[in-house]
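Colleague: Questions regarding the structure given below will be posed in turn.
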Amino acid sequence: MKPTILLILGLLLSACAAGKGGEAGGSVEVAQAALRGGAPQIALRAAASLLANDPYNAQALLVQGDALTALGRLGQAEWSYRAVLSRTQRPVGAWIGLGRCLLASNPADAEIQFLEAVRREPRNAAALNDLGVARDLLRRHAEAQSAYRRALAADPEMTGAQVNLALSLAMSGRMAEAEHLMRPYGSDSNATSKLRHDLAAVLAMGGDRAEAARILSADLTPHQVSQALAAYMAARDPGDADTPPATGP
């Protein structure tokens, strides 16, 4: 796996929104609630309870895959998603989940999964956002930006797509646009460290290493700041700076 792919993936992937959790039980709803609440272990146990009695329950397999993904057990998660896709009724979430499992190791194959999800649900903002991530990993930034813009057309409040679009613009050398999009998120008084670091990435790729270092210094040691700045610069692809916007999915 190329280090640059891991770097770009780390920049682009945003944490899932968290809600209230639930206790382990025997329903898909309980498993889904636990997953939304940031308790993938509980979700995994709830899904396993369902699958013990109904091994082919597509919704339980899907939740199991999502829980395993959240736990970083991507090989097992991939098996769950492929099991769902072998059924007659195949929810779009299975293509999205499978694509996410493949992003780091095979972004081209991940793109295929996201395209299938978008083909079935053209306004699925999550699938479109993930499609953009896959294309950025493939260094096809103009096409990635088209996917992010479609995600935002479907869900204008999707912060992850806004941030990913800004990072993609920065990687392709469109710095003014990138900073214009990213600064309101990264400079907000309530911004998370992830959003602040994303702003630092945009600034570093644009050449403002001093400001980027100042932002990073609030959370990182001097050595870590130097490493982060070098990594951000490695993510930029100046050859795409003048590439016109893409059209299509």
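Numbers -17 to -1, 1 to 232, taken from mature numbering (1 follows the signal peptide of the UniProt record, and there is no 0), label the letters of the sequence shown in order. Note that the Cβ used here is the ideal one computed from N, Cα and C, for glycine as well. For clarity, every value in this text was computed on a predicted model and none was experimentally measured.
1) Candidates Ala127, Ala50, Tyr39, Ala196: which alpha carbon is nearest residue 235's?
2) Assuming Leu148 contacts Gln128 under a Cβ cut-off of 8 Å, what Cβ separation, rounded to an integer in Å, is found between them?
3) Whose C-beta lies closer than 7 Å to the C-beta of Leu212 among residues of the same chain, with five residues either side of it excluded?
4) Check for me: the alpha helix (DSSP H) holding Phe90 runs from which residue to which?
5) On a CA-only basis, which of Met216, Leu33, Gly82 is nearest Tyr64? Give me that one, please.
6) Measuring only the C-alpha atoms, how far is residue 233 from Leu57?
7) Just to confirm before moving on: does the CB-CB distance between Leu182 and Met158 stay below 9 Å?
8) Measure the C-alpha to C-alpha separation of Ala134 and Gly76 and round it to an integer number of angstroms.
9) Just to confirm my understanding: we take Glu162, look at its own chain, exclude 5 residues before and 5 after, and list those with CB closer than 6 Å. What are they?
10) Please state whether the Cβ-Cβ distance between Ala117 and Ala136 is less than 9 Å.
11) Hey, how far is the Cα of Asn173 from the Cα of Arg179?
12) Would the beta-carbon of Ala30 fall within 9 Å of that of Ala14?
13) Whose C-alpha, out of Val208, Ser200, Ala125, Arg132, is nearest the C-alpha of Leu220?
14) Ends of the alpha helix (DSSP H) at Ala201?
15) So, is Asp119 buried or exposed, given that buried needs 16 or more other C-beta atoms within 10 angstroms?
16) Just checking my contact of Glu99 with Trp78 at CB under 8 Å: how many whole Å lie between their CB atoms?
17) Suppose contacts are defined by Cβ-Cβ distances below 9 Å. Is Phe97 in contact with Ala87 by that definition?
18) Taking the alpha carbon of Arg103 as the point to measure from, which residue in Val208, Leu44, Asn89, Gln72 has its own alpha carbon closest?
19) Among Met216, Val11, Leu121, which residue has its Cα nearest to the Cα of Ala91?
20) Which residues in the same chain as Met141 place their Cβ atom closer than 8 Å to its Cβ, once the five residues preceding and following it in sequence are excluded?
21) Does DSSP classify Ala217 as helix, strand or coil?
Modeller: Quick look at the numbers:
1) Here the chain comprises residues numbered -17 to 232, so residue 235 is not present and cannot be evaluated.
2) 6 Å
3) Ala187, Arg192, Ala195, Ala196
4) The question names Phe, but residue 90 is Pro in the sequence shown. 90 to 103 is the extent of the alpha helix (DSSP H) around Pro90.
5) Gly82
6) The first residue shown for the chain is -17 and the last is 232, placing residue 233 beyond what the model contains.
7) no
8) Each residue's Cα considered, the two are about 16 Å apart.
9) Hits under 6 Å: Val185.
10) no
11) 10 Å
12) yes
13) According to the sequence provided, residue 220 is Asp. The question's Leu does not apply to it. Per the Cα distances, Ala125.
14) Segment: none, Ala201 is in no alpha helix (DSSP H) and carries neither H nor E.
15) buried
16) 5 Å
17) no
18) Selected option, being the one with the closest Cα: Gln72.
19) Leu121
20) Spatial neighbours of Met141 in its own chain (CB-CB distance under 8 Å, excluding positions within 5 residues in sequence) are listed in chain order as Ala108, Asn112, Ala134, Leu135.
21) Three-state DSSP puts Ala217 in a helix.
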